[in-house]
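To start, the structure under review is shown below, and the notes come after it.
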Amino acid sequence: MITFGGVGLLYCNKISEATVTAVGGLLASLGSIQFAKQKQEELREMMEDLDKD
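Mind the numbering: the sequence shown is residues 1177 to 1229 in my numbering, read in order.
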């Protein structure tokens, strides 16, 4: 949603292309980091379950 807002501002000449690209990359990076943290926690839980058996 934020990226679409950035594209709208780009077309209105309110911000530069580089800013839209940077913000889009930042949002993608934050999403990837959050996903990796979730998967790491799931892996820890699986390893603990295996150790208990």
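Just so you know, even glycine gets a beta-carbon here, dropped at the ideal spot from N, CA and C. Here the structure is a predicted model, which is why all the values come from computation and not from measurement.
- Hey, how far is the Cα of Leu1219 from the Cα of Ile1209? The alpha-carbon atoms of Leu1219 and Ile1209 are separated by roughly 15 Å.
- Query: Distance, Cα to Cα, Gln1214 vs Phe1180?
  - Reply: Computed Cα separation, rounded: 26 Å.
- First and last residue of the alpha helix (DSSP H) that includes Ser1208? Where Ser1208 is concerned, the enclosing alpha helix (DSSP H) stretches over Glu1193 to Lys1228.
- Query: Given a threshold of 16 other Cβ atoms within 10 Å of its Cβ, counted over all protein chains shown, does Gly1182 qualify as buried or as exposed?
  - Reply: The residue is buried, with at least 16 neighbouring Cβ atoms inside 10 Å.
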